[in-house]
Amino acid sequence: MNVNKFKERSIEWIFAVVAFASLVFLVGIVIVLFKEGLPILTKIRLFDFIFGEFWYPTYDPAEFGIFPLILGSFIVSVGAMFICVPLGIGSALYLNEIASQQQKAILKPLVEILASVPSIVYGFFAMAVLSPFVQNLLHLPIGLCAFTASLILGIMATPTVCSIAEDALSYVPRSFREASFAVGATRWQTLIKVVIPAAGSGISTAIILGMSRAIGETMTVLMAAGGAAMIPRSFFEPVRPMTAAIAAEMGEAPVGSDHYSALFAIALILFFITFIFNIIAEIISRRFRIKLGLAG
Amino acid sequence: MKKITKILFGSIAALSLAVPAFAEKIVMEGSTTVLPIAQTAAEVYMQKNPSADISVRGGGSGVGIASIIDGNCDIANSSRPIKESELDKAVTNGKDIKAHVVAMDGIAVIVNSGNPVNALTKAQVKDIYTGKISNWNQLGGNNEKVVVISRDTSSGTFEAFGELALNKEKVRPDAIMQASNQAIATTVVRTPGAIGYVGLGFLSADIKAVSVDGIAPSRETVLSGKFPYSRPLFMYTNGEPKGLAKEVIDFIKSPEGQRLVEKDGFVGLK
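As structure tokens, this is what we get:
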């Protein structure tokens, strides 16, 4: 065997190792989450953990009900959807269909820049500027609430939704549009009845990934959502999403204690939620590729 | 020429690794209440001794104590005494935690400066924080919702307040959590109906400290013990402090250090 062949094989091996590394990290994370998170379920039933109403982990006796935290995550994410879906898909449609080359050259990078702003900057902006503004505008007792958090999360998730939706729209073959114009449809009719349905799966993927991003966001909600671990009665009350709870309390939970284990269990549940979202997005996007004849 | 360049770079690299070893470095971590004291002391000390390197971080008393137990810091700042469970953990980790009281502090209950309420009783403070009172008109103020602001669980101020003011009862679930003394102060300034609690060192002209049971929080009332929410501030070390850690703690306890403590708004040890 000569040196060249050996070099080739070893380079292949290195690339293989690097590629599998991400699988190893993922499996490693899941194992640690299970290992550290399961002990709390020996102290409390899964049903009581997930649906318990009060989160008082440091008191004696401690209460580990995470329902307010789950609801908090859920409410800010759904609220964020109301903003990032219209903004994201609207921008994608504009960029793909209507913008001229010049406009596109400016707008597309701008949207990408929005995506690269660090989340702590968003959180700081929300806390220092947006929250007092909302407080004064809507005469709320305090501006740090689910509404403010949703607003800023929606803005953060918009670039994600926009990029993916724009890609989905650009995958729709020109022949579809041309065929539609050939039978006399207007641009608007073509857009609504041909292009969007054809890109439908891709757009759904964009929405789901945007929601996934919103649920996993930590720093922003830690600073803007208020931190009240209570089942909110209105959209304008402070909430504590799961991510904020973990971030705020992990620093001092003694390693191996019930509190520590409970925080890992929350992380496990969060992981499952985003995992399921990503799987759904993958399934939908696969169907989308087959439908357009781009092969699976 | 190439070989000489390599040797040159190599020796520069080696030297740069050696230089940090000459300066002694310590890390102080923990309470955001003790933070101003630690920061001022570190700055003044480093000005006098340029070779010293003192790094000060916040995070809350709980974080600081967890850190020293794990061996990740040299001095843990804490605004509450160390707990039994933490002492046990320290013993398991082979750490012998020693306490040093560096100052006295009062936890002032603050409200927005536009709030007409100036005085509260201990019972009222407890009822507000445990959820029994929700509107300022029950306290002689305006018809406005009480926006209760508290700290998160890693805070020593939170634990001390829980013990001194609430008799360890649970804080109401709809209390807004802030991450530091300064964050509470800022939120109270911005929110008309807010009530919060901060260390004495964080009082300023923009916020109003209410009197509790008729006693206003001040240096004198904390020293004399009359103010009900008084507490000592600690710095914890692993074993008796040595080297730079010892010098810093001795500095804070010295007359000059205590003057800095008082300048920061806290109460010196007498």
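Protein sequence lines, in the order shown, are assigned to chains P and D. Our numbering puts the first sequence at residues 1 to 296. Our numbering puts the second sequence at residues 1001 to 1270. Glycine included, each C-beta is placed from N, C-alpha and C at the ideal position. Please read all numbers here as calculations on a predicted model, not as lab measurements.
Per-residue DSSP class, three states only, for Glu252/P: coil
When the Cα of Ile75/P is compared with those of Cys145/P, Val172/P and Tyr260/P, which residue comes out closest? Cys145/P
Compare the beta carbon distance of Val1147/D and Thr1191/D with 8 Å and say whether it is the shorter of the two. yes
For chain P, find out if any of its Cβ atoms is closer than 8 Å to the Cβ of Gly1062/D; answer yes or no. yes
With 8 Å set as the bound, which would you pick, yes or no: does the beta-carbon of Gly340/P sit closer than that to a beta-carbon of chain D? No answer is possible for residue 340/P: it lies beyond the span of chain P, which begins at 1 and ends at 296.
List, in order along the chain, the chain P residues whose C-beta lies closer than 9 Å to that of Ala1194/D? Pro141 and Ile142
With 16 other CB atoms within 10 Å as the buried threshold, where does Arg45/P fall? exposed
So, for Val1171/D: in the same chain, excluding its five sequence neighbours on each side, which residues have a beta-carbon less than 6 Å away from its beta-carbon? Tyr1129 and Ser1150
Considering only the beta carbon of each residue, do Ala206/P and Ala165/P sit closer than 8 Å? yes
Thinking just about the alpha-carbon of each residue, which of Glu63/P, Ala99/P, Ile215/P and Pro61/P is nearest to the one in Ile276/P? Ile215/P
Any C-beta of chain P under 8 Å from that of Val1147/D: yes
Return the CA-CA distance between Arg233/P and Ala244/P, expressed in angstroms with no decimal places. 19 Å
Can you tell me where the beta strand (DSSP E) holding Val134/P begins and where it ends? From DSSP, Val134/P is part of no beta strand (DSSP E) but of the alpha helix (DSSP H) over Ser131 to Leu138.
Output the distance between the C-alpha atoms of Leu137/P and Asp1096/D, rounded to the nearest integer angstrom. 54 Å
Of all Cβ atoms in chain D, is any one closer than 8 Å to the Cβ of Ile122/P? Looking at the sequence itself, residue 122/P is Tyr, so the reference to Ile does not match. Chain D contact via Cβ: absent.
Glu1043/D CB to nearest chain P CB: under 8 Å? no
Please list, in chain order, all residues of the same chain as Val161/P whose beta carbon is under 8 Å from its beta carbon, the five residues on each side excluded. Cys84, Val85, Leu87, Gly88, Ile89, Ala92, Ala206, Ile207, Leu209 and Gly210
Could you tell me which uninterrupted beta strand (DSSP E) segments, each at least 3 residues in length, are contained entirely in the segment 149 to 220 of chain P, listed from first to last along the chain? none
Ala1042/D: buried (16+ other C-beta within 10 angstroms of its C-beta) or exposed? buried
For Asp1264/D and Ile283/P, the rounded distance between their alpha carbons: 60 Å
Closer than 8 Å, CB to CB, is Ala1099/D near chain P or not? no
Look at Gly1062/D and Thr1032/D and say whether their C-beta atoms are less than 8 Å apart. no
Spatial neighbours of Ala16/P within its chain, please: C-beta separation below 8 Å, excluding the five flanking residues on both sides. none
For Leu140/P, which residues in the same chain have their Cβ closer than 6 Å to its Cβ, ignoring the five residues on either side in sequence? Phe236
Per DSSP, the bridge partner or partners of Lys1145/D: Asn1135/D
Here's a check: name, in chain order, each residue in its chain whose Cβ is nearer than 6 Å to the Cβ of Gly1196/D, leaving out the five neighbours to either side. Ile1110, Ile1149, Ile1184 and Val1188
Suppose the cutoff is 7 Å on Cβ atoms and the five residues either side in sequence are ignored; what does the same chain contact list for Asn96/P look like? Glu166, Leu169 and Ser170
State the CB to CB distance for the pair Ala1052/D and Leu1244/D, rounded to an integer number of angstroms; the pair is presumed to be in contact (CB under 8 Å). 6 Å
Identify each residue in the segment 211 to 234 of chain P for which the Cβ-Cβ distance to at least one residue of chain D is less than 7 Å, and report them in chain order. Gly226, Gly227, Ala228, Ala229 and Met230
For Pro132/P and Gly143/P, believed in contact at Cβ under 8 Å, the rounded distance: 6 Å
Interface residues of chain P facing Ala1175/D [CB-CB closer than 7 Å]: Ala228
Beta bridge counterpart(s) of Trp55/P as assigned by DSSP: Phe64/P
Using the beta-carbon of each residue, which ones in chain P are nearer than 7 Å to Lys1126/D? Result: empty, since nearest Cβ-Cβ is about 15 Å, beyond 7 Å.
Per DSSP, which one or two residues make a beta bridge with Asn1112/D? Ile1207/D
Using a beta-carbon distance below 8 Å, is Ala146/P in contact with chain D? no
Per DSSP, Gly1030/D is paired with what? Gly1059/D and Asn1077/D
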